[in-house]
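In the numbering used here, the protein residues as written are 128 to 333. In this text, a Cβ means the ideal position worked out from N, Cα and C, and glycines have one as well.
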């Protein structure tokens with residue numbers, strides 16, 4: 128149930144101020160609702176993307192595991208371990224940020240030269256090459272998955288904030304402003320009626 132805003136006296140000046148506040152609050156609610164719609168649309172797009180990339184990542188990892196096992200079986204002893212060591216650690220991951228309605232969304236990228244394996248062991252197993260491609264592809268998908276899940280977290284937090292604000296405006300502030308404005312209008316009309324009757328009584332007495 129709407130409540131009167133405390134400390135607002137029934138004057139025409141306050142009624143005008145309340146009308147401006149109602150207009151601003153209504154406009155603010157509209158803008159927040161539009162932002163919420165945009166973020167929710169992005170949220171579900173990213174969610175769908177995350178689901179797909181998670182499945183693709185599982186496929187790449189499984190293919191890499193199988194090819195690596197085949198390579199270990201077909202290659203000379205120690206070749207797989209030596210090839211893995213030659214790849215070196217993953218470094219130089221680049222982080223970029225884009226702005227979505229005030230929400231900073233991350234994007235990760237590994238430079239191409241960081242994903243190459245430099246090895247030469249004569250007749251290397253083709254399965255080892257295939258495994259390298261699988262795991263390189265898995266790395267790309269893993270980064271996309273990290274981006275997606277972090278984006279979902281950030282968008283979700285912003286959506287929760289906006290929902291709290293829109294609910295506060297829609298169900299508390301705007302109703303209270305309108306109720307207070309109606310109360311002031313009623314009190315001013317009552318005061319005008321009282322003054323009118325008072326003047327009539329004074330005229331009659333004269």
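For residue 233, the uninterrupted beta strand (DSSP E) segment begins and ends at 230–236.
For the 8 Å CB-CB criterion, residue 159 and residue 304 do not form a contact. If you draw a straight line from the Cα of residue 285 to the Cα of residue 294, it comes to about 14 Å. In this structure, the beta-carbon distance from residue 230 to residue 270 does not fall below 8 Å. Closest by C-alpha distance to residue 210, out of 266, 253, 278, 274, is 253. Contact between residue 173 and residue 279 holds: CB atoms are separated by about 6 Å, below the 8 Å threshold. Unbroken beta strand (DSSP E) stretches of 3 residues or longer found wholly inside the region 153–232: 221–227, given in chain order.
Here the C-alpha atom of residue 274 lies approximately 22 Å from the C-alpha atom of residue 189. Annotation: the continuous alpha helix (DSSP H) that includes residue 302 extends over 301–332. Annotated three-state conformation of residue 134 is coil, per DSSP. By the CB criterion at 8 Å, residue 149 and residue 301 fall inside the cutoff.
DSSP places residue 276 in the uninterrupted alpha helix (DSSP H) bounded by 253–295.
In its chain, beyond the 5 residues on either side, 194 have a beta carbon closer than 7 Å to the beta carbon of residue 257. Apart from the 5 residues on each side of it in sequence, residue 316 has no Cβ closer than 6 Å to any other Cβ in its chain.
Secondary structure at residue 128: coil, using DSSP grouped into helix, strand and coil. Counting of Cβ neighbours within 10 angstroms places residue 165 among the exposed residues, the total staying below 16. Looking only at 201, 208, 281, 234, the smallest Cα-Cα distance to residue 228 is reached by 281.
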